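Visitor: With the numbering used here applied, the sequence shown corresponds to residues 2 to 181, in that order.
C-beta: ideal position from N, C-alpha, C; glycine also.
Predicted model, so just to flag it, every value in this text is computed and none were measured.
Sharing a structure here in structure tokens format.
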Amino acid sequence: MQPDPDHELPASAGATRGEPDPLLAMYSMPGHLIRRAKQKTTLAFTPITRRFNLTPIQYVVLKAISIRPGVDQAELGDIVGLDTSTTGQVAARLEQRSLIVRRPDGRRQRVEASSEGLALLEQLGPMLEEIQDEIVSPLTAKEKQQLLRLLSKMLGVANLYYRPKPRGRRRATRDPDMAR
């Protein structure tokens, strides 16, 4: 990967003989930048969702359920990118708070947002949309679209910015941070 020619690299105490700071290599690693972006996003969302006794992932699951009423838990996990076990744990917490209703349907659990869950989403929606805008505020509109397209492509997620080529069914990965 080549550095951006439009931006000069800073020199620091770690730099030697006109060489850029060795930390710049770390700051250029995709995994590091994605982790930092997740940190920034979590720090922005958590104070708002915490006021409503909700975690950011519980919000995402509740939002997905409201968009797809009657979805089964396995499909819900695919939609939000969680494994079946984590999806079940998050759904159980939402059900305990009466934000969703789970109904057995043969071997599946179907879920729907309750009236309390829908009311909570209505309250949270505008605040979280504002936070979404703040997260990408350093970017121009074109840069924001490019970022969203590239992240979507990386994750294989179809949305307004990216349409992946059809492939086999993608399995969700277990993220221990998401079970909360």
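1) Okay, do the segment 102-114 and the segment 68-84 touch, 3+ Cβ pairs below 8 Å being the bar?
2) With 16 other CB atoms within 10 Å as the buried threshold, where does L95 fall?
3) Just how far apart, CA to CA, sit T56 and T50?
4) Where does V61 sit, in a helix, a strand or coil, going by DSSP?
5) By the three-class DSSP mapping on this structure, what secondary structure does R36 have?
6) Is the Cβ of L151 closer than 7 Å to any Cβ of chain D?
7) With a threshold of 8 Å on Cβ separation, who are the neighbours of I132 within its own chain once the five nearest residues in sequence on each side are excluded?
8) Between the Cα of V137 and the Cα atoms of L149, L122 and I101, which residue gives the shortest distance?
9) What does a CB cutoff of less than 7 Å around I66 pick up in its chain, not counting 5 residues either side in sequence?
10) Please confirm whether G118 and L63 have their CB atoms less than 7 Å apart.
11) Measure the C-alpha to C-alpha separation of L152 and R103 and round it to an integer number of angstroms.
12) Which whole-angstrom value describes the C-beta separation of I80 and R69, a residue pair presumed to lie in contact below a C-beta threshold of 8 Å?
13) Taking buried to mean at least 16 other C-beta atoms within 10 Å of its own C-beta, is A26 buried or exposed?
14) Short of 8 Å in beta carbon distance, which residues of its chain neighbour Q40, apart from the five on each side in sequence? Order them along the chain.
15) Is it right to say Y60 is buried, meaning 16 or more other beta carbons lie within 10 angstroms of its own, or is it exposed?
Guide: Taking the structure as given:
1) The segment 102-114, when compared against the segment 68-84, does touch it at the 8 Å Cβ threshold.
2) Against the sequence shown, residue 95 aligns to sequence position 94. Under the 10 Å beta carbon count, L95 is surrounded by 16 or more other beta carbons and is classified as buried.
3) Here residue 56 refers to the residue found at position 55 of the sequence shown. Here residue 50 refers to the residue found at position 49 of the sequence shown. Each residue's alpha carbon lies about 6 Å from the other.
4) As a first step, residue 61 is located in the sequence shown; it is residue number 60 there, counting from the start. Three-state result, V61: helix.
5) As a first step, residue 36 must be located in the sequence shown, where it is residue number 35. In the structure shown, R36 sits in a helix (DSSP, three-state: H, G or I).
6) Annotation note: the requested chain D is absent from the structure, which comprises a single protein chain.
7) Counting from 1 along the sequence shown, the entry for residue 132 is found at position 131. Once the five neighbours on either side are set aside, the close Cβ partners of I132 are A45, F46 and I49.
8) Translated into positions along the sequence shown, residue 137 becomes position 136. Measuring from the Cα of V137, the nearest candidate turns out to be L149.
9) Taking the sequence shown and counting its residues from 1, the one referred to as residue 66 is at position 65. Cβ neighbours of I66 beyond the five flanking positions: V72, L77, I101, V112, E113 and A114.
10) By one-based count along the sequence shown, residue 118 stands at place 117. By one-based count along the sequence shown, residue 63 stands at place 62. Taking 7 Å as the Cβ cut-off, G118 and L63 qualify as a contacting pair.
11) The sequence position of residue 152 within the sequence shown is 151, counting from 1. The sequence position of residue 103 within the sequence shown is 102, counting from 1. Those two C-alpha atoms are separated by around 32 Å.
12) Position 79 of the sequence shown, counting from 1, holds the residue named residue 80. Position 68 of the sequence shown, counting from 1, holds the residue named residue 69. Right, their Cβ atoms sit about 7 Å apart.
13) As a position in the sequence shown, residue 26 is number 25, starting the count at 1. The residue in question, A26, is exposed, as its Cβ has fewer than 16 Cβ neighbours within 10 Å.
14) Counted from its first residue, the sequence shown places residue 40 at position 39. Once the five neighbours on either side are set aside, Q40 has no close Cβ partner at all.
15) As a working mapping, residue 60 is identified with position 59 in the sequence shown. The residue is buried, with at least 16 neighbouring Cβ atoms inside 10 Å.
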